[in-house]
Amino acid sequence: DAIQFANVADTAQFVVAYPNGSGTLPWDVSGDSELAFVSAIIDKMYEQYGIDKKRVYISGFSWGANYCYRVANRMGDKIAAMVPIMGYPYGGNPNE
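Per my numbering, the very first residue in the sequence shown carries number 126; after that it's consecutive.
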């Protein structure tokens with residue numbers, strides 16, 4: 126639940142973003158079209174809130190969890206860790 130997560134973020138003093146994919150499905154896991162969007166969010170959070178770029182974590186549920194694998198694989202230089210919940214790597218090769 127996003128509201129409960131926001132309460133934890135306020136208490137623990139960390140920043141949370143809740144992006145949604147822009148395609149027909151919640152996230153386009155078949156290509157790289159959404160990676161620039163996620164990268165821009167991270168950059169904006171740094172500019173606006175001064176986040177520690179070495180402590181960027183991603184999570185997602187279901188299709189968002191599937192996309193966590195893609196983001197972590199393609200943007201490992203920007204992601205410290207991921208917590209996919211009820212998702213699986215999309216495609217036959219986890220490096221895709």
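For glycine and all other residues, C-beta sits at the position ideal for the given N, C-alpha and C.
Give the C-beta separation of Val-141 and Tyr-174 to the nearest angstrom, bearing in mind that I take them to be a contact with Cβ-Cβ under 8 angstroms.
Actually they do not touch by this definition, with Cβ atoms about 10 angstroms apart.
Taking Ala-161 as the reference, which of Pro-144, Asp-177, Ala-131 has the closest Cα?
Pro-144
Three-state secondary structure assigned by DSSP to Met-200
When secondary structure is reduced to three states using DSSP, Met-200 falls in the coil class, being assigned neither helix nor strand.
Would you call Tyr-182 buried or exposed, if buried means 16 or more other Cβ atoms sit within 10 Å of its Cβ?
exposed
DSSP has Ile-166 in a bridge; who is on the other side?
For Ile-166, which the question treats as bridged, DSSP gives no partner whatsoever.
Would you mind giving the Cβ-Cβ distance between Val-208 and Ser-187, rounded to the nearest angstrom? I have them listed as a contact below 8 angstroms.
That belief does not hold up - the Cβ atoms of Val-208 and Ser-187 are roughly 13 angstroms apart, past 8 angstroms.
Return the chain-ordered list of same chain residues with a C-beta closer than 8 angstroms to the C-beta of Ala-205, the five sequence neighbours on each side being excluded.
Lys-179, Arg-180, Val-181, Tyr-182
Grab me the residues of Ile-167's own chain with a C-beta within less than 7 angstroms of its C-beta, minus the 5 sequence neighbours each way, in chain order.
Val-181, Lys-203
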